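Student: Quick note on numbering: the sequence shown equals residues 1 to 233 in UniProt numbering. Beta carbons: idealized from backbone N, C-alpha and C, even for Gly. Just so you know, these numbers come straight off a predicted model, no measurement behind them. Take a look at the following structure, please.
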Amino acid sequence: MAGNLSVGLVDSALSAAASAPFASYQRQLFNPSCAEPAQASDSQHGSAVCASWAPVAARVELYNAVIFNRTLRCQQQQLVAALDWLAHCQVRVVHLSLGLRQPSAALAAACERLTARGTLLIASAPAQGEAVYPASFSGVISASGDARCQPGEISQLNRDNRNGPQFGGAVYSPDHPLRGASIGAGAVTAALLALQLEAAAPLSYQAALAQLADRADYHGREQRRQPCEPLHE
Numbered sequence: 001m002a003g004n005l006s007v008g009l010v011d012s013a014l015s016a017a018a019s020a021p022f023a024s025y026q027r028q029l030f031n032p033s034c035a036e037p038a039q040a041s042d043s044q045h046g047s048a049v050c051a052s053w054a055p056v057a058a059r060v061e062l063y064n065a066v067i068f069n070r071t072l073r074c075q076q077q078q079l080v081a082a083l084d085w086l087a088h089c090q091v092r093v094v095h096l097s098l099g100l101r102q103p104s105a106a107l108a109a110a111c112e113r114l115t116a117r118g119t120l121l122i123a124s125a126p127a128q129g130e131a132v133y134p135a136s137f138s139g140v141i142s143a144s145g146d147a148r149c150q151p152g153e154i155s156q157l158n159r160d161n162r163n164g165p166q167f168g169g170a171v172y173s174p175d176h177p178l179r180g181a182s183i184g185a186g187a188v189t190a191a192l193l194a195l196q197l198e199a200a201a202p203l204s205y206q207a208a209l210a211q212l213a214d215r216a217d218y219h220g221r222e223q224r225r226q227p228c229e230p231l232h233e
């Protein structure tokens, strides 16, 4: 696509170093505790999540909806307000490295407003366990970490988000010390941003799924080895 890509990040505030590579950076606070001096500094979570976006950052206009302080906690109404702000900003992609087990109707409606206008939502989900939201909402791309993946690699784990996350990414970045599923989800978004920037037109949800699947280095769930039991003669 010609020009830059507008992207929303719902997370903690980015550090100055993490935000510097982007074409532009706007930050809006939705959690009052984030405005307190003790909480104002970056929790590192948001910076770690988007560390893998560095290769495309020069063409990304980043809108940082700040809902996390150092405790990585927020209220659902703050999340809804953040999503509505990103809809107002008309971003093309929204990344959320978070998951709620009991979503509100207001959260579902906020996500639907974004997906209805063609915005691509990527949300993190645990590789195993109960469903979380927004990742399990219809029209949302769900992502997690995959230990098979090295930085720059992604996997297709499931064809839809009813049986767990659809895609996985490296759980670490060489540019940041934090590790985990949130970082893996950020790596999947990095792949999506690159695909969208290469595309001639905005990708639909189905087109994004298809291109991520084609781009994947691994297909199928990660198979964890079980410990061997000793043989008895």
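May I have a chain-ordered list of the alpha helix (DSSP H) segments no shorter than 4 residues that lie completely inside the stretch 153-202?
Tutor: Listed in chain order, the complete alpha helix (DSSP H) runs (minimum 4 residues) inside the stretch 153-202 are 181-198.
Student: My output table needs one value for residue 78: the three-state DSSP class, helix, strand or coil.
Tutor: Here residue 78 refers to the residue found at position 78 when the sequence shown is read from its first residue. Of the three classes helix, strand and coil, the one that applies to residue 78 here is helix, per DSSP.
Student: Along the beta strand (DSSP E) that carries residue 130, what are the first and last residues, could you check?
Tutor: The residue labelled residue 130 in the question sits at position 130 within the sequence shown. Neither: residue 130 is in no beta strand (DSSP E) and is coded neither H nor E.
Student: Using the Cα positions of residue 12 and residue 72, report the straight-line distance between them to the nearest angstrom.
Tutor: Translated into the one-based positions of the sequence shown, residue 12 becomes position 12. Translated into the one-based positions of the sequence shown, residue 72 becomes position 72. Distance from the CA of residue 12 to the CA of residue 72, rounded to the nearest whole angstrom, comes to 8 Å.
Student: At the level of alpha carbons, what is the spacing between residue 33 and residue 74?
Tutor: Position 33 of the sequence shown, counted from the start, is the residue given in the question as residue 33. Position 74 of the sequence shown, counted from the start, is the residue given in the question as residue 74. In a straight line, the C-alpha of residue 33 is about 9 Å away from that of residue 74.
Student: For the structure I just gave you, are there three or more beta carbon pairs, one from the stretch 130-141 and one from the stretch 106-113, closer than 8 Å?
Tutor: Enough Cβ pairs lie closer than 8 Å, so yes.
Student: In terms of residue numbering, what span does the beta strand (DSSP E) encompassing residue 28 cover?
Tutor: Here residue 28 is taken as the residue at index 28 of the sequence shown, counted from 1. Looking at the DSSP string, the run of the beta strand (DSSP E) that includes residue 28 is 24-29.
Student: How close, in whole Å, do the beta carbons of residue 10 and residue 57 come, if the pair is a contact with beta carbons under 8 Å?
Tutor: Within the sequence shown, residue 10 is the residue found at index 10, counting from 1. Within the sequence shown, residue 57 is the residue found at index 57, counting from 1. Contact flag wrong, Cβ pair sits at about 18 Å.
Student: Name the residue from 63, 101, 68 and 77 whose alpha carbon lies nearest to the alpha carbon of residue 87.
Tutor: In the sequence shown, residue 87 corresponds to position 87, counting from 1. The residue with the shortest Cα to Cα distance from residue 87 is 63.
Student: CA-CA distance, residue 218 and residue 149?
Tutor: If you number the sequence shown from 1, residue 218 lands on position 218. If you number the sequence shown from 1, residue 149 lands on position 149. If you take the alpha carbons of residue 218 and residue 149, they lie about 8 Å apart.
Student: Can you tell me where the beta strand (DSSP E) with residue 11 in it begins and where it stops?
Tutor: Taking the first residue of the sequence shown as 1, we reach residue 11 at position 11. Its beta strand (DSSP E) spans residues 5-11.
Student: Check residue 33 in the structure and name its three-state DSSP category.
Tutor: The residue labelled residue 33 in the question sits at position 33 within the sequence shown. Helix, per DSSP.
Student: Report all residues from its chain with a CB closer than 6 Å to the CB of residue 95; omit the five preceding and five following residues, and keep chain order.
Tutor: In the sequence shown, counting from the first residue as 1, residue 95 sits at position 95. Closer than 6 Å at the Cβ level, and outside the excluded window around residue 95, lie 9, 122 and 189.
Student: Is DSSP giving residue 99 helix, strand or coil here?
Tutor: Looking up residue 99 in the sequence shown gives position 99. Residue state, collapsed to three classes: coil.
Student: Let me confirm a value: residue 128 is counted as buried when at least 16 other C-beta atoms fall within 10 Å, else exposed. Which label applies?
Tutor: The count along the sequence shown starts at 1 and reaches residue 128 at position 128. Its Cβ having fewer than 16 others within 10 Å, residue 128 is exposed.
Student: Determine the contact status of residue 60 and residue 5, defining contact as a CB-CB distance below 8 Å.
Tutor: Translated into the one-based positions of the sequence shown, residue 60 becomes position 60. Translated into the one-based positions of the sequence shown, residue 5 becomes position 5. Yes, Cβ-Cβ distance for residue 60 and residue 5 is below 8 Å.
Student: State the Cα-Cα distance for the pair residue 201 and residue 79, rounded to the nearest angstrom.
Tutor: As a first step, residue 201 must be located in the sequence shown, where it is residue number 201. As a first step, residue 79 must be located in the sequence shown, where it is residue number 79. So the two alpha carbons sit approximately 29 Å from each other.
Student: Does residue 101 pass the burial test, meaning 16 or more other C-beta atoms within 10 Å, or should it be called exposed?
Tutor: The residue labelled residue 101 in the question sits at position 101 within the sequence shown. So residue 101 ends up on the exposed side.
Student: My assumption, with CB atoms under 8 Å, is that residue 171 sits in contact with residue 147. Please give the rounded CB distance.
Tutor: To locate residue 171, count along the sequence shown from 1; it is residue 171. To locate residue 147, count along the sequence shown from 1; it is residue 147. That belief holds up - the Cβ atoms of residue 171 and residue 147 are roughly 6 Å apart, short of 8 Å.
Student: Measuring only the C-alpha atoms, how far is residue 24 from residue 68?
Tutor: Against the sequence shown, residue 24 aligns to sequence position 24. Against the sequence shown, residue 68 aligns to sequence position 68. So the alpha carbons of these two residues sit roughly 21 Å apart.
Student: Out of 173, 207, 130 and 103, point me to the one whose CA is closest to residue 54's CA.
Tutor: To locate residue 54, count along the sequence shown from 1; it is residue 54. The option with the nearest alpha carbon to residue 54 is 173.
Student: Could you check whether residue 124 and residue 155 sit closer than 8 Å to each other, using their CB atoms as the reference points?
Tutor: Counting from one through the sequence shown, the residue named residue 155 turns up at place 155. Counting from one through the sequence shown, the residue named residue 124 turns up at place 124. Their beta carbons are not under 8 Å apart, which means residue 155 does not touch residue 124 by this criterion.
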